[in-house]
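*Asks:*
Residue numbers (the working numbering), protein chains in the order written: chain A, -4 to 60; chain B, 7 to 964.
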């Protein structure tokens, strides 16, 4: 999967959930878990995370664990 | 049923708690107070002769045929305009009345052609019936005097004609246009003997007037003065079948009136609860595509998309498809396969396609065209209220005091609902329109919006947050409702957030371009009904929100839906008639296709695939294991195809190449697949990239159910045999069986039984109940055995209503020096979606091509005049079309439709999409518009490719 696009999607989810404050990371993680196909999840987990914003990056880390 | 006219009670139904008893011709009758004597007589088995009365419009009292005698009243009052009174004694058939009626009838007939035997209304004419009822035997005046005979008919409308010599000037057509449709296109011109029905201005024909061809006048006409051309050509129908329209999400029910299997006309069904006897130009008239010469009725296959099609038998097509799918699954695994269900097909067909994907292909890669329209509605309303659906029925609008329409254009997109809305507005309800364009509702005859907030495209969340700011900071919330029905802590978080100064209309004006004072006034109107609003019953108005794709098709579509839900909760506008959050659904069965588990993360009934208990239910019923991971959504499928991990797709009744954004990307995705199966009526644009074409059937050719925007489940009934030999559910079943699934449904009712068994909200639904009750609104279950017209009446489905903070995040699609304008897209009344159906009807007379609406300032800057060819270019692609210079759009905004494949408006739309659901951002594309000489390179190359890929080998290939 195109990592650039997935990175964009994760960042967009994070940006829109940011107003939820402390819950934003959890909600972003849960959103990816609920709506992304396994190959999308695999690609974001194994790909370069430098393009992710802080919430998205933390969410992907949580997805891993 | 055979063919008989629908019952007509003469005057509209009256709803009143008080009942009145009277005697009519010796019969005791009890009716609601305010009912006319005419209706009371009709509802107790009588029939008072009349010509100018019909129950779709108010009583008029002009024809003097319906005179009656009432004890204690002087003279002979007209029964249509005389309300019943307690103890009244009415006589409708007396010698005196017979003499009076005969005299009137004699005058009518003295100026009417006596060509009944050759008239298209023969045996279906109220004038003829009334003449029979009054026993007219002779016309003493003769026929030689001044008359209206020999007038030339107006044949300009493609579907109906106006024959002035058959007209009795009862004005039913004029009143139907006023009261039922609300267009006010017709009038009685002249006075006395010179009175004549006219459409528009003196020089107009029906076609050139503002007539929208809804058919209400034709329906109201008692003679053949306004008559369907199809009846004139084919004669009177012999039978009628009630069925449901397959165009928009209003879900009008019609009587399909037939001779054998020949459809003669579609007439709106008066007992239909979605449309209440009204219709629009599409459902009423635009059904000719069903027998269009372009329809493909034989399966076709080809090894590669460069080859011409080969016509083959069903067996060969299915064997070829099964072999390809099997090979792909063996090599790449089940997740390389997927399908798209159709929001134009029935619930039963949609259910089978997702079942085929889940149980046969073995993946959750199933999606539907709701992805590109209302997926944010599902997401937003389930998060806030707990159900993925609108809260009201359409009748609810008649109890609304304030109506907020945002991102919807009902008079074009949902015309039959728009007529109800306009009727309510004419009764005095106030209207707020939030739309970048000046849609017709903003100002049309007898309708004027109190506020039109012409926002910058892409700023819905900012506008709604600013409205919430006003309502919260000015203390206009319904605190009692919120405390009782919603989570109070979440409300307070939300209220603190919206109250911040940065969310004030003044602060956001720079972004939204909505004058702060207008926005404040609109917010106050929504919350309070405006200065001077009062009601005896309530301290607050009923304020209802209606919205469409101008809300959902944005990068913040889901946020906007949640902002709408917040606004409704904060003002206490949920859970009773007249209020609510009302998504206007695009396609006939988009609600149903979502309900049926068409999303890749949800099983039927909106239950996530990760839930083991839910999966087990389906696994036990279907005897297969279900993938616990969500599947790919349509845009993800295309990405995965380019990536090589998604290789086969079964598309039922959707043309993603034309309807989905960024056409180049869609084409690249389809081209990368090994097996594209298109199941459709026509060789659509997507079929240019297909390996298998399975011919589809129309809604006239199958049984099943559709679910409309009100969650109303209605029967679709077969009126003719499928031209392709199989209903769509049979095709899917045949494909499933070719894959070894051993399905044996013999009728869609059995599929509905399975749906009811597996879906809690459909537990009480069956074909038998739908036959008996006409329609049911889900949830239909133990808690709501008779269905649910209004949801969340006693509490939200999720428990407490959830306020969710939504912050405005600007879209990444930005204007700049190279692309300085914002393009937004929509539809027109006469065409539907990608036009596959309507372009194959006479509806093209109203809209032959997509036009680009551009403001006079922007046009002048570019040297563009109305009718000029222009090049419309975005960062994604470019196309050409002709310009229409209009101030309906604001400076800086341009608008077009996507009905025609020659334009391919989606060549310019982008990959940006809603953050939560990937619903494409159709409504905001940065573009440049410049004069042009003709078609773009893409249009030319696509036209030649399209022609090539549609070739069919006439001889079987070796």
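Don't be surprised by glycine CBs; every beta carbon is placed ideally from N, CA and C.
Can you name, in chain order, every residue of its own chain whose Cβ lies under 8 Å from the Cβ of residue 131 (chain B), other than the five neighbours on each side?
*Replies:* 122, 125, 228, 229 and 230
*Asks:* Please work out which residues of its chain come closer than 7 Å, Cβ to Cβ, to residue 743 (chain B), disregarding the five sequence neighbours upstream and downstream, and give them in chain order.
*Replies:* 749
*Asks:* So, are the CB atoms of residue 602 (chain B) and residue 360 (chain B) less than 8 Å apart?
*Replies:* yes
*Asks:* Counting only runs that start and end within the stretch 68 to 131 of chain B, where is the beta strand (DSSP E) found for 3 or more residues in a row?
*Replies:* 95 to 97
*Asks:* Using a cut-off of 8 Å between C-beta atoms, extract the partners of residue 52 (chain A) located in chain B.
*Replies:* Here the premise fails: no neighbours, minimum Cβ distance about 17 Å.
*Asks:* Mind checking which residues open and close the beta strand (DSSP E) that includes residue 681 (chain B)?
*Replies:* Annotation for residue 681 (chain B): the continuous beta strand (DSSP E) segment containing it runs 681 to 686.
*Asks:* In angstroms with no decimal places, state the Cα-to-Cα distance between residue 53 (chain A) and residue 857 (chain B).
*Replies:* Residue 53 (chain A) and residue 857 (chain B): Cα-Cα distance of roughly 47 Å.
*Asks:* What does the Cβ neighbour count give for residue 854 (chain B), buried or exposed, with the cut at 16 atoms within 10 Å?
*Replies:* exposed
*Asks:* Which residue's Cα is closest to the Cα of residue 343 (chain B): B:363, B:357 and B:462?
*Replies:* The option with the nearest alpha carbon to residue 343 (chain B) is B:363.
*Asks:* For chain A, find out if any of its Cβ atoms is closer than 8 Å to the Cβ of residue 514 (chain B); answer yes or no.
*Replies:* Not closer than 8 Å to any Cβ of chain A, the Cβ of residue 514 (chain B) fails to qualify, so no.
*Asks:* Could you tell me whether any Cβ in chain B is nearer than 8 Å to the Cβ of residue 14 (chain A)?
*Replies:* yes
*Asks:* Beta-carbon of residue 49 (chain A) versus every beta-carbon of chain B: anything under 8 Å?
*Replies:* no
*Asks:* Is the Cβ-Cβ distance between residue 551 (chain B) and residue 570 (chain B) less than 8 Å?
*Replies:* Going by beta carbons, residue 551 (chain B) and residue 570 (chain B) fall inside the 8 Å limit.
*Asks:* Does the distance from the C-beta atom of residue 886 (chain B) to that of residue 941 (chain B) stay below 8 Å?
*Replies:* yes
*Asks:* Closer than 8 Å is the cut-off here; do at least three beta carbon pairs connect the stretch 281 to 291 of chain B with the stretch 665 to 682 of chain B?
*Replies:* no
*Asks:* In chain A, what lies closer than 9 Å to residue 236 (chain B) by C-beta?
*Replies:* Result: empty, since nearest Cβ-Cβ is about 48 Å, beyond 9 Å.
*Asks:* Do residue 140 (chain B) and residue 90 (chain B) have their beta-carbon atoms positioned less than 8 Å apart in this structure?
*Replies:* no
*Asks:* Using the C-alpha atoms, what's the distance from residue 10 (chain A) back to residue 508 (chain B)?
*Replies:* If you take the alpha carbons of residue 508 (chain B) and residue 10 (chain A), they lie about 18 Å apart.
*Asks:* Whole angstroms are fine: how far does the CA of residue 107 (chain B) sit from the CA of residue 98 (chain B)?
*Replies:* Cα to Cα, residue 98 (chain B) sits roughly 11 Å from residue 107 (chain B).
*Asks:* Please report the Cβ distance between residue 667 (chain B) and residue 901 (chain B), rounded to the nearest whole angstrom; I am assuming they are in contact, meaning their Cβ atoms lie under 8 Å.
*Replies:* Contact flag wrong, Cβ pair sits at about 16 Å.
*Asks:* Taking 8 Å as the limit between beta carbons, can you name the residues of its chain near residue 833 (chain B), skipping five residues before and five after?
*Replies:* 415, 418, 419, 839, 903, 904 and 905.
*Asks:* Identify the contact partners of residue 44 (chain A) in chain B, using a Cβ-Cβ distance below 8 Å as the criterion.
*Replies:* Correct list: empty, because the minimum Cβ distance to chain B is about 19 Å.
*Asks:* In chain A, which residues lie less than 9 Å from residue 646 (chain B) when you measure between Cβ atoms?
*Replies:* Under the 9 Å cutoff, chain A gives -4, 32, 34 and 35.
*Asks:* For residue 1016 (chain B), would you say it is in contact with chain A, using Cβ-to-Cβ distances shorter than 8 Å as the test?
*Replies:* Limits of chain B in this structure are 7 at one end and 964 at the other, which puts residue 1016 (chain B) out of reach.
*Asks:* Can you tell me which residues form a DSSP beta bridge with residue 173 (chain B)?
*Replies:* Its beta-bridge partners do not exist; DSSP assigns none.
*Asks:* When you compare the stretch 233 to 247 of chain B with the stretch 182 to 198 of chain B, are there three or more beta-carbon pairs, one atom per stretch, that lie closer than 8 Å?
*Replies:* no
*Asks:* Go ahead and label residue 143 (chain B) buried or exposed: buried means 16 or more other beta carbons lie within 10 angstroms of its beta carbon, across all protein chains shown.
*Replies:* Counting C-beta atoms within 10 angstroms of its own C-beta, residue 143 (chain B) has fewer than 16 neighbours from the protein chains shown and is therefore classed as exposed.
*Asks:* For residue 565 (chain B), return the contacting residues in chain A, with the cut-off set at a CB-CB distance below 7 Å.
*Replies:* 11
*Asks:* Counting only runs of 4+ residues fully inside the stretch 844 to 920 of chain B, write out the alpha helix (DSSP H) ranges in chain order.
*Replies:* 862 to 868
*Asks:* How many angstroms separate the CA atom of residue 434 (chain B) from the CA atom of residue 444 (chain B)?
*Replies:* Rounded to whole angstroms, residue 434 (chain B) and residue 444 (chain B) show a C-alpha spacing of 21 Å.
*Asks:* Kindly indicate if chain B contains any beta-carbon less than 8 Å away from that of residue 7 (chain A).
*Replies:* Chain B places a beta carbon closer than 8 Å to that of residue 7 (chain A), counting this residue as a contact.
*Asks:* Going along the chain, which residues of the stretch 744 to 762 of chain B sit with their C-beta nearer than 9 Å to a C-beta in chain A?
*Replies:* none
*Asks:* For residue 29 (chain A), return the contacting residues in chain B, with the cut-off set at a CB-CB distance below 8 Å.
*Replies:* In chain order: 607, 614, 616 and 636.
*Asks:* Report the partner residues of residue 587 (chain B) according to the DSSP bridge assignment.
*Replies:* B:551
*Asks:* Given that residue 813 (chain B) touches chain A, what residues does it touch there, using C-beta distances under 8 Å?
*Replies:* 11, 13 and 14
*Asks:* Buried or exposed for residue 866 (chain B), please, with buried defined as at least 16 other CB atoms from any protein chain shown within 10 angstroms of its CB.
*Replies:* exposed
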